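Below is one structure, written out as structure tokens; the observations come after it.
Number of protein chains: 2
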Amino acid sequence: MKEPNSPDSPLADLCRQRGLKLTGQRRTIAFVLSDSDDHPDVEELYRRAVEVDPRISIATVYRTVRLFEENGILQRRDFGGGRARYEVADGDHGDHYHLIDADTGKVIEFENTELDSLLEGIVRQMGYDLVTTRLSVVGRRKAKTRTRD
Amino acid sequence: MKEPNSPDSPLADLCRQRGLKLTGQRRTIAFVLSDSDDHPDVEELYRRAVEVDPRISIATVYRTVRLFEENGILQRRDFGGGRARYEVADGDHGDHYHLIDADTGKVIEFENTELDSLLEGIVRQMGYDLVTTRLSVVGRRKAKTRTRD
DNA sequence: ATTGCAAATGATAATCTTTCTCATTATCAC
DNA sequence: GTGATAATGAGAAAGATTATCATTTGCAAT
Ligand SMILES: [Mn+2]
Ligand SMILES: [Mn+2]
Ligand SMILES: [Zn+2]
Ligand SMILES: [Zn+2]
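Set out below in structure tokens:
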């Protein structure tokens, strides 16, 4: 039987670069993650992975996101819904923050270098080196025009 | 049997002001919270409450912190340890942020008005009103002097 | 002070997310 | 290809929080 030899996803390559064993399941999950530009939780990743390869278990998804996070491939996020959410570390965009729409739950990303350096400076002034910034703001869309009753 | 008529804690008064029924358990939990200046989780609150009044259950502590949070009396915090932590809203100090020592887990509070207004401005510029800021930074203490091996 | 009723409590079961266990399977260096 | 080793699948287990329900309690009206 011939292998189609389809090119691996960027994350699968990263996986190999880190010396991690590249199993079929990891290849699938890496592909799904490379293909995502949102912030899926494990349940959602599992759904997407099963569509690519049905012989995958949710236990492996849990294991894989943990492995990828420990190896700097993924970033874990907490938007307060009780389940961890993930996104690719160093995708096309670098470090960024998240604004969550209070009414819809929609996640909007933003960057701000002034915020970066302000936080860095505050922490330094307190005698610490900044390791991690965990920041998300919840906002409600401003009504630009008053809606009539 | 005469009641000592001990004065209620600030939080118990707040509880009454909000029209919440002031049970013995709530009085105890309110006292414990008023007496705390750290960020205890429910398990820890339960331990402290039991020392004041042993006839209290952890279910009631869970219920009460939720009630207090819904009524703006408590603020829930997430420092990433898997359990929610609580502190009095509008204690002697107003809104503040948290720096967590990466090595010891110690929580250090800080305020910064520049940070307040920068976040407010960023969110406004994106067309939203700021509802909640969820921010904690993890830092590692800077070694001021090199320790010899 | 007593009564009555709605609300709160205690004990424990259930839920939800994540991790662990262990027998089976697959990867990859040789 | 073979073998050592690591990964997987299925389900149990863990840990935090919420739900259930019979019993108790606060408190407002009498
Ligand atoms: Mn989801
Ligand atoms: Mn604790
Ligand atoms: Zn993001
Ligand atoms: Zn605090």
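In order, the protein sequence lines correspond to chains A and B.
What the first sequence shows, in our numbering, is residues 1 to 149, in sequence order.
What the second sequence shows, in our numbering, is residues 1001 to 1149, in sequence order.
Glycine included, each C-beta is placed from N, C-alpha and C at the ideal position.
All values derive from a computational prediction rather than experimental measurement.
*C-alpha distance - ARG26 (chain A) paired with GLU44 (chain A), whole-angstrom precision*: 16 Å
*asked:* Measuring alpha carbon to alpha carbon, tell me which residue in A:ALA49, A:ASN71 and A:GLU70 is nearest VAL61 (chain A).
replied: A:ALA49
*Proximity below 8 Å, CB of LEU119 (chain A) to CB of VAL1137 (chain B)*: yes
*Rounded C-beta distance between LEU1135 (chain B) and TYR1097 (chain B)? I'm assuming under 8 Å.*
5 Å
_Pocket of ligand 4 defined by Cβ to heavy atom distance under 5 Å_ = B:GLU1087 and B:GLU1109
*asked:* ligand 3 and HIS1096 (chain B): does any heavy atom of the ligand fall closer than 7 Å to the residue's C-beta?
replied: no
*Would you verify that the beta carbon of TYR1128 (chain B) is, or is not, closer than 8 Å to some beta carbon of chain A?*
yes
*Should ALA12 (chain A) go down as buried or exposed, given a rule of 16 or more other Cβ atoms within 10 Å for buried?*
buried
*asked:* Please state the DSSP three-state secondary structure of MET1 (chain A).
replied: For MET1 (chain A), the pLDDT reaches just 37, beneath the cut-off of 50, and the residue's location in the model is therefore unreliable, although a value from the coordinates is still provided. Reduced to three states, the DSSP call for MET1 (chain A) is coil.
*Taking ILE1056 (chain B) as the reference, give the member of B:VAL1123, B:GLN1125, B:CYS1015 and B:ALA1030 with the closest Cα.*
B:ALA1030
_I'd like to confirm something about HIS1039 (chain B): is its beta-carbon nearer than 7 Å to some heavy atom of ligand 3, or not?_
no
_For SER136 (chain A), the residue or residues it bridges with in DSSP_ = A:HIS98 and B:ARG1134
*So which residues of chain B does GLY139 (chain A) contact, with C-beta pairs closer than 7 Å?*
VAL1123, TYR1128, ASP1129, LEU1130 and VAL1131
_Span separating the alpha-carbon of ASP168 (chain A) from that of LEU22 (chain A)_ = Look at the range of chain A in this structure, 1 to 149, and you will see that residue 168 (chain A) is not part of it.
*asked:* Short of 8 Å Cβ to Cβ, which residues in the stretch 70-103 of chain A face chain B?
replied: ASP78, GLY80, LEU99, ASP101 and ALA102
_Partners in chain A for ILE1108 (chain B), counting only beta-carbon separations shorter than 8 Å_ = MET126
*Taking ARG85 (chain A) and ASP35 (chain A) to be in contact with their CB atoms under 8 Å, please state how far apart those CB atoms are, rounded to whole angstroms.*
16 Å between Cβ atoms; not a contact.
*Classify LEU957 (chain B) as helix, strand or coil using the three-state DSSP reduction.*
Residue numbering for chain B in the displayed model covers 1001 to 1149; residue 957 (chain B) lies beyond these limits and cannot be assessed.
*Quick one: measure Cβ to Cβ for GLY1127 (chain B) and LYS142 (chain A), integer angstroms, because I've assumed they're closer than 8 Å.*
6 Å
*asked:* By the three-class DSSP mapping on this structure, what secondary structure does GLU1111 (chain B) have?
replied: coil
*Determine, using beta carbons only, whether HIS1066 (chain B) comes closer than 8 Å to chain A.*
Sequence check: residue 1066 (chain B) is Arg here, not His. Cβ-Cβ to chain A under 8 Å: no for ARG1066 (chain B).
*For VAL123 (chain A) versus LEU33 (chain A), is the C-beta spacing smaller than 8 Å?*
no
*Taking only the alpha-carbon atoms, compute the straight-line gap between ARG66 (chain A) and SER1009 (chain B) and give it to the nearest angstrom.*
45 Å
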